[in-house]
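Taking it in order: structure first as structure tokens, then the write-up.
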Amino acid sequence: MTDTTASPESTSEFDLIVIGAGPVGENVADRAVQGGLTVAIVESELIGGECSYWACMPTKALLRPAHALTAARRVPGAREAVTGELDVESAFAFRDGAAASWDDSGQAEWLESAGITLVRGHGRLARRLAVEVEHDGETRTLTARHAVAVSTGSVAVVPDIPGLAQARPWTNREAIATSTVPPRLAILGGGVVASEFATMFAALGSDVTVLVRGDGLLGSLEPFAGELVAKALAGAGADVRTGTSASEVSRAGGGTAAAVGSDPADATTSANPATLTLTDGSTLEVDEILVATGRRPATDDLGLDTVGLEKGQTLETDDTLRVLDTSGEPIEWLYAVGDVNGRALLTHQGKYQARAAGDVIAVRATGGTVDDAPWGAHVATADHEAVPAVVFTEPEVASIGLTAAQAEEDERATKVVDYDLASVAGSSVHAEGYEGQARFIVDTDRGVLLGATFVGQDVAELLQAATTAVVGEVPLHRLWHVVPAYPTLSEVWLRMLESLGRDTARSPKAPTS
Ligand SMILES: Cc1cc2nc3c(=O)[nH]c(=O)nc-3n(C[C@H](O)[C@H](O)[C@H](O)COP(=O)(O)OP(=O)(O)OC[C@H]3O[C@@H](n4cnc5c(N)ncnc54)[C@H](O)[C@@H]3O)c2cc1C
Ligand SMILES: NC(=O)c1ccc[n+]([C@@H]2O[C@H](COP(=O)([O-])OP(=O)(O)OC[C@H]3O[C@@H](n4cnc5c(N)ncnc54)[C@H](O)[C@@H]3O)[C@@H](O)[C@H]2O)c1
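The numbering of the sequence shown is this note's numbering, which starts it at 48 and goes up by one.
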């Protein structure tokens, strides 16, 4: 919509400036360009962000060999063909490929092909509609005609435990970029990151101890999810200790684990062990410690004070992703999208927000009509109650919507339907001795699904159907006509309906006798 003939290097004014070129920032920029705007994106590290190099992609690649091996071993005929163990070097090579060997040139090419101007450096808000970019000791100011979007993501939290920081613990970055398998690994935390890395390193051959502060793994999900994952971890030789944490850590010489960085070669295994004193008074000696105790928004050095906000804070937003000021009013020109707004720390959900944000920024800039009613084109309504998530542990955990506990807190009229996945025909041919569990949360007043959780081998692909049912508020009586193919794991849907009773198949318009 403005002059785009000036070279990107010399141009300092754009319709939109995006700070942070992770998966979310890239999508905000792309949608805004498609909406006719000129866009600059500022990135201080690698284009593609945490997800591409230290999170989603490499972790799933390094988990996959163990999943495939376990799956083969569960099927007679295939089992006999597995004559060796997991090959760690090949698994690392597969991981390297998934992380594009920590080289973002492909992503830079994509930005160029999409018509987005890349500005390398650390971005900070300078004042209204202005971003200061620091790169190689030089500072340049970019100005935006219409909006600035912050997509700076999140960083790992290192808890304030005496001696922990000095012991140079791994975060997800060092853990996923390592080229060696620590013989003994302690994992602090019991959430998604802890559970996935415990599964991964146990399969790679580490002696893993998971220190869970609460009373089980994956505390925000249905309790049976954490229980089944803990059972499988124990079966894989990991020691999952609940109600325990570290009260002190020491490592002679401070440890040699790498500083956070983008070079995988930096992540070396410590030559000197660390000793953790646990809250029960016992001690634990390990070669590496992985902190998996949550994430905080990357807003420490973002110039938030220039817009009346506080450094380090989560950037709360309205549903069109505009940042709220201290009085709860949206700042017209400032958007926050992805992990940094704390709405849902997941790539797919951040990219969903990005599609809405990029489109609405373009529409507002060009004087179009904003579609911001719930479920409109320019709002991220699903963030509130319909966030799909998969934990890629063994077994997998796939969830959408409310848990039974959340539904109860809401005081909705709900019914919980539990079903043993081992009892559907599909699972019996999928794997010998298949273990798994499904739970559906049904709104009995409205006759729709509010949530579902599946735990078991290969349940991730069951999730999209559940997401469609929850988001689409598909009536139960219509679900009776959604026939699952036989014999698949999806047959659990029919079992859920049968548990509710054939009466739920009657449509509201059916004549009553
Ligand atoms: C171990 C792990 C595994 C995960 N696995 C999955 C998964 O399987 N599926 C899933 O959906 N989610 C997963 N997640 C979550 C997912 O990684 C995040 O939700 C996602 O990366 C968020 O994207 P983002 O673009 O908001 O932020 P990020 O990916 O963090 O990107 C932010 C970008 O902004 C840049 N930046 C920050 N500050 C500045 C600044 N001031 N100036 C310029 N640039 C800046 C950063 O360098 C970075 O490139 C995982 C997370 C972890 C930790
Ligand atoms: N497959 C996926 O989609 C995937 C994978 C990994 C991460 N993620 C995302 O990344 C986010 C962060 O994951 P996470 O596991 O780091 O955070 P989390 O919030 O899921 O879990 C943090 C865990 O650390 C514990 N903890 C917190 N402070 C502690 C302390 N001081 N001492 C001991 N324990 C402590 C908590 O009790 C909890 O068990 C998640 O919200 C998730 O959405 C997604």
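Backbone N, C-alpha and C fix where the C-beta goes; we use that ideal spot for every residue, glycine too.
Just so you know, these numbers come straight off a predicted model, no measurement behind them.
Residues that DSSP places opposite residue i in a beta bridge
| i | result |
| --- | --- |
| residue 298 | 321 |
| residue 568 | This structure leaves residue 568 out entirely; the chain is present only between 48 and 560. |
| residue 182 | 185 |
| residue 217 | 337 |
| residue 169 | 181 |
| residue 234 | 257 and 337 |
| residue 273 | Per DSSP, none; premise fails for residue 273. |
| residue 484 | 467 and 502 |
| residue 438 | 444 |
| residue 201 | 344 |
| residue 293 | 325 |
| residue 331 | 323 |
| residue 60 | 190 |
| residue 164 | 87 |
| residue 364 | 370 |
Expected contact under 8 Å - CB spacing of residue i and residue j to nearest Å
| i | j | result |
| --- | --- | --- |
| residue 79 | residue 494 | Not a contact, Cβ separation roughly 40 Å. |
| residue 192 | residue 101 | Not confirmed; about 34 Å, so no contact. |
| residue 343 | residue 201 | 6 Å |
| residue 133 | residue 116 | 6 Å |
| residue 253 | residue 276 | Rounded, the Cβ-Cβ distance is 17 Å, inconsistent with contact. |
| residue 205 | residue 387 | Contact doesn't hold; Cβ gap of about 19 Å is too wide. |
| residue 478 | residue 504 | 6 Å |
| residue 517 | residue 497 | 7 Å |
| residue 595 | residue 138 | In the structure displayed, the chain extends from 48 to 560; residue 595 sits before or after that span and is not available. |
| residue 250 | residue 283 | 7 Å |
| residue 178 | residue 170 | 5 Å |
| residue 245 | residue 333 | No, residue 245 and residue 333 are not in contact; Cβ-Cβ is about 13 Å, not under 8 Å. |
| residue 235 | residue 258 | 5 Å |
DSSP-derived helix/strand/coil call for residue i
| i | result |
| --- | --- |
| residue 158 | helix |
| residue 544 | helix |
| residue 288 | strand |
| residue 343 | strand |
| residue 81 | helix |
| residue 65 | strand |
| residue 446 | strand |
| residue 498 | strand |
| residue 195 | strand |
| residue 88 | strand |
| residue 251 | helix |
| residue 552 | helix |
| residue 424 | coil |
| residue 265 | coil |
| residue 93 | coil |
| residue 514 | helix |
| residue 304 | Low confidence applies to residue 304: its pLDDT is 46, below 50, so where it sits in the model is not reliable enough to give any reading. |
| residue 174 | strand |
| residue 100 | helix |
| residue 116 | helix |
| residue 228 | coil |
| residue 532 | coil |
| residue 349 | coil |
| residue 402 | helix |
| residue 208 | coil |
| residue 278 | helix |
| residue 418 | coil |
| residue 109 | helix |
| residue 132 | coil |
| residue 309 | Caution is warranted here: a pLDDT of 37 is assigned to residue 309, below 50, making its placement in the model unreliable, and no coordinate value can be reported. |
| residue 558 | coil |
| residue 246 | helix |
| residue 507 | helix |
CB contact below 8 Å: residue i versus chain D
| i | result |
| --- | --- |
| residue 186 | Considering every chain present, this structure includes no chain D. It has just one protein chain. |
### Message
Give the list of continuous alpha helix (DSSP H) stretches no shorter than 4 residues that lie fully inside the region 369-400.
### Response
none
### Query
Where the beta carbon is closer than 6 Å to any heavy atom of ligand 2, which residues qualify, in chain order?
206, 235, 236, 237, 238, 239, 240, 241, 243, 260, 261, 266, 292, 339, 340, 341, 342, 392, 393, 436, 437, 438 and 439
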